[in-house]
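First comes the structure, then the notes that go with it.
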Amino acid sequence: MILVIGAGGQVGQELVENLRKIKGADKVLATDIREIKDNEGPFELLNALDEERLKELVEKYKVTEIYHLAALLSANAEKQVKFAWELNMDSLFYVLDLAKEGVIKKVFWPSSIAVFGPNTPRQNTPQHTVTDPTTVYGISKLAGERWCEYYAKNYDVDVRSIRYPGLIGYKSMPGGGTTDYAVDIYHQALEKGEYECFLKEDTYLPMMYMEDAIRATIELMEAPKENIKVRSSYNLGGISFSPKEISAAIQIQMPNFKITYAPDFRQKIAESWPQSIEDTAAQKDWNWKMKYDLEKMSTDMLKQLKIIKGLN
Ligand code: AKB
Numbered sequence: 004m005i006l007v008i009g010a011g012g013q014v015g016q017e018l019v020e021n022l023r024k025i026k027g028a029d030k031v032l033a034t035d036i037r038e039i040k041d042n043e044g045p046f047e048l049l050n051a052l053d054e055e056r057l058k059e060l061v062e063k064y065k066v067t068e069i070y071h072l073a074a075l076l077s078a079n080a081e082k083q084v085k086f087a088w089e090l091n092m093d094s095l096f097y098v099l100d101l102a103k104e105g106v107i108k109k110v111f112w113p114s115s116i117a118v119f120g121p122n123t124p125r126q127n128t129p130q131h132t133v134t135d136p137t138t139v140y141g142i143s144k145l146a147g148e149r150w151c152e153y154y155a156k157n158y159d160v161d162v163r164s165i166r167y168p169g170l171i172g173y174k175s176m177p178g179g180g181t182t183d184y185a186v187d188i189y190h191q192a193l194e195k196g197e198y199e200c201f202l203k204e205d206t207y208l209p210m211m212y213m214e215d216a217i218r219a220t221i222e223l224m225e226a227p228k229e230n231i232k233v234r235s236s237y238n239l240g241g242i243s244f245s246p247k248e249i250s251a252a253i254q255i256q257m258p259n260f261k262i263t264y265a266p267d268f269r270q271k272i273a274e275s276w277p278q279s280i281e282d283t284a285a286q287k288d289w290n291w292k293m294k295y296d297l298e299k300m301s302t303d304m305l306k307q308l309k310i311i312k313g314l315n
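Under the numbering used here, the first residue of the sequence shown is numbered 4, with each subsequent residue one higher.
Structure representation (structure tokens):
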């Protein structure tokens, strides 16, 4: 059985759906701190900080693989510093320790471009480079990466990870991140014809369409163990664009769409992150190849959201 922790989140919802298609609905146990609506397979409530409950579920469902997605993202973590550190770190240890004991054979844990900081090269950021994050979220992700590598090297734990860029999808909403604008903008474009962006127009960040991100996650997890050379977390390049460029992509289909700018505290976070990422290690080790560019993603986002919102 595969266990997904944080199944109600932005990545969790789509990952569970895809894993169930591949493995069978009854082979994927979705868990979250809250009930999930439209859940089509086994579900249990789980607070990622409740180690006893985690162990109980692992035993009850004979879990051998965990995708641990529960975390506080960059913007929210700045508002709940201690709690973010506790959630993002302690819950990871609970999962890694189960893997160390041999109960769990494989773990996926997401890291983020937030592990980079102001002294990291901002263009084509390499896999191995300066990591000096300035956010609570980034610090916790960097520490998590170090622990993943430590458990892999010292206890032979098969833990795999991706440094997700900002993720954009139509099926689920992000919560509390700095890249959230790139999802919200499509919703507001269709609902109001305009969007007020909390980042400046020329703020470039690496992003990725959810379909690519989910495929990357599953491809990484299915790759042969010996191919996985990076045990901290893999860079994934994604698409690099600014708010001005995403609004231009929307205007191709909605010429009257308008964007305005009112930067807030998230601007500083965005400016501490890379603008574009280099991902040759992922390409070489597990054949990673992205499919969606900005134009293709925007076309699909608007098409799918129109259907969901009944605007056709
Ligand atoms: C965030 O904005 O906090 C996340 C991330 C880049 O990890 N989307």
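We put the beta carbon where it would ideally sit given N, CA and C, even for glycine.
Source: prediction; values computed, not measured.
Put simply, of Val-106, Glu-298, Asp-187 and Gly-196 the residue whose alpha carbon is nearest the alpha carbon of Val-160 is Val-106.
Fully enclosed beta strand (DSSP E) runs of no fewer than 3 residues occupy 208-212, 242-244 and 261-264 of the region 206-266, in order along the chain.
Judged by DSSP in its simplified three-state form, Val-14 adopts helix. Residue state for Phe-201 is assigned as coil, using DSSP reduced to three classes.
Around the beta-carbon of His-131, fewer than 16 other beta-carbon atoms lie within 10 Å, marking it exposed. If the five residues before and after Gly-196 are omitted, its C-beta is found closer than 8 Å to the C-beta atoms of Met-257, Asn-259, Phe-260 and Lys-261, all from its own chain and listed in chain order. Between the C-alpha atoms of Leu-48 and Gly-11 there is a straight-line separation of about 11 Å.
Ala-80 has no beta-bridge partner at all, per DSSP. Ala-33: member of the beta strand (DSSP E) spanning 31-35, first to last residue. The three-state reading of DSSP puts Tyr-154 in helix, counting H, G and I together. For Ile-311, no beta strand (DSSP E) encloses it; the enclosing alpha helix (DSSP H) starts and ends at 297-311. Under the three-state reduction of DSSP output, Gly-27 falls in the coil class, being neither helix nor strand.
Rounded to whole angstroms, the Cβ separation of Tyr-167 and Leu-75 is 15 Å, and the two are not in contact under 8 Å. When secondary structure is reduced to three states using DSSP, Ser-275 falls in the coil class, being assigned neither helix nor strand. For Leu-90, the closest C-alpha among the options Thr-220, Asp-303 and His-71 is that of His-71. When the Cα atoms are used, Leu-170 and Tyr-184 turn out to be separated by approximately 10 Å. Comparing C-alpha distances from Ile-255 to each of Val-66, Tyr-189, Glu-62 and Ala-155 shows the shortest one belongs to Tyr-189. C-alpha of Pro-266 to C-alpha of Phe-119: approximately 21 Å in a straight line. C-alpha of Glu-38 to C-alpha of Ala-51: approximately 14 Å in a straight line. Its chain contains Ile-171, Tyr-295 and Met-300 as the residues whose beta carbon lies nearer than 6 Å to that of Tyr-212, once the 5 sequence neighbours on both sides are disregarded; these appear in chain order. Ligand 1 has no heavy atom closer than 7 Å to the beta-carbon of Tyr-237.
By the Cβ-count criterion, Ile-311 is exposed, with fewer than 16 other Cβ atoms from all chains shown falling within 10 Å of its own Cβ. Shortest gap from the CB of Ala-252 to any heavy atom of ligand 1: 7 Å or more. Annotation for Tyr-173: Met-304, Gln-307, Leu-308 and Ile-311 place their beta carbon closer than 7 Å to its own, counting only its chain and skipping 5 residues before and after.
The Cβ atoms of Asp-288 and Lys-232 sit closer than 8 Å to each other.
Sorting Gln-13, Ile-5 and Asp-53 by C-alpha distance to the C-alpha of Leu-22 places Ile-5 at the top. Residue state for Ile-69 is assigned as strand, using DSSP reduced to three classes.
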